[in-house]
Structures are given as structure tokens and as C-alpha cells.
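Peer 1: Residue numbers (UniProt numbering): 1 to 145.
1) Using the three-state DSSP reduction, which class does residue 28 fall into: helix, strand or coil?
2) Counting pairs of beta carbons, one from the stretch 71-81 and one from the stretch 22-36, are three or more of them closer than 8 angstroms?
3) With a threshold of 16 other CB atoms inside 10 Å of the CB of residue 114, please say whether the residue is buried or exposed.
4) Just mark residue 54 as buried or exposed, buried being the case when its beta carbon has 16 or more other beta carbons within 10 Å.
5) Please say whether residue 51 and residue 10 have beta carbons closer to each other than 8 angstroms?
6) What residue does the alpha helix (DSSP H) around residue 118 start on, and which one ends it?
7) How is residue 1 classed by DSSP in three states: helix, strand or coil?
8) Measuring alpha carbon to alpha carbon, tell me which of 17, 62, 61 and 80 ends up nearest residue 41.
9) Count the other CB atoms within 10 Å of the CB of residue 93; is the residue buried (16 or more) or exposed (fewer)?
10) Using the Cα positions of residue 57 and residue 48, report the straight-line distance between them to the nearest angstrom.
11) Taking the Cβ atom as the reference point for each residue, do residue 34 and residue 14 lie within a distance shorter than 8 angstroms?
12) Any idea if residue 38 is buried or exposed, counting beta-carbon neighbours within 10 angstroms, 16 or more meaning buried?
13) Quick check: the Cα distance between residue 78 and residue 84, rounded to an integer number of angstroms?
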């Protein structure tokens, strides 16, 4: 019963997101607003427990969700044969583009992130401690003899 309640919560939150998007003329799609609402709602155990049960149920039956996609590909096999090479190139190039943009974004964000306690030295800078540690030599803490 819990998975059904979790699925109902997903549908309700998507519906609320859709209504908000249309009534308030928001520039975001309703499902995106519904996902934001879901993220906020998952802070409550009242909603989190049934949604997690529903997610486990869906993940255990995930292979069934690929059946319609496979049937669709077979149904449109003539289109795939005609545009297959172009489609493969677009998929490969867009994947590489996404990886490059993600890596560059991560680099920029890491440059602006404050150092944590676990990583006191900025990356890429060598100190006596880091060089000694890399060479396997014992290191001394600053201020200790």
C-alpha cells in the first residue's frame, strides 16, 4: 500500500507544479516545479517513507520500463536506418560536450570554493609537507619539533 501512496504523492506534487506554472504564468514547466516541491516535501517523514517505498518498487521493475522504448525503436527502424549515422554522431558529440562543460564548471566552482578542513592546501600547490608526504618521508606538524 505504501508504494501506491508514494505514487499518489508524486502525481499530486506534479499536478500542483503544473497548476502553479499555468496560473502564475511561470517560465518553468510544471514538472520542474513539481520536482522542487518534491525535494522540499522529502524533508518530511510523512512523505519520504511512501515515496522511498515507491522508488524501490519502481527500481526493482525498471527493466519493464524499457519495453515500450524497445518497441518504439523497432517500429521506427526505417527512420533509424536512414538517420542512424547522424543520430549516433549527435549522441556522441553531445555527450562529449556535456562532459566538457561539466568538467569546466566543476573547475570554476572548485576555484571559488572555500578550502575545507580536510584539504587545507589549495590543489596544485606544493609545500614541504606535501612533497615529503609524496616521497614517503615522515612529516612534522607546523610548530612541533
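For every residue, glycine included, the Cβ atom is placed at its ideal position computed from N, Cα and C.
Peer 2: Short version:
1) In this structure, residue 28 counts as coil in the three-state DSSP scheme.
2) No, because fewer than three Cβ pairs between the stretch 71-81 and the stretch 22-36 fall closer than 8 angstroms, the two stretches do not touch.
3) By the C-beta density criterion, residue 114 is exposed, having fewer than 16 other C-beta atoms within 10 angstroms.
4) Residue 54 sits buried, since 16 or more C-beta atoms from the chains shown fall within 10 Å of its C-beta.
5) The answer is yes: Cβ separation under 8 angstroms.
6) No alpha helix (DSSP H) contains residue 118, which DSSP labels as neither H nor E.
7) The answer is coil: DSSP assigns residue 1 none of H, G, I, E or B.
8) Comparing Cα-Cα distances from residue 41 to each of 17, 62, 61 and 80, the minimum goes to 17.
9) Classification of residue 93: exposed, given that the 10 Å Cβ count is below 16.
10) Rounded to whole angstroms, residue 57 to residue 48 spans 14 angstroms at the Cα level.
11) Yes; because the gap between Cβ atoms is below 8 angstroms, this pair is in contact.
12) Flag for residue 38 reads buried.
13) Answer to the nearest angstrom: the Cα atoms are 9 angstroms apart.
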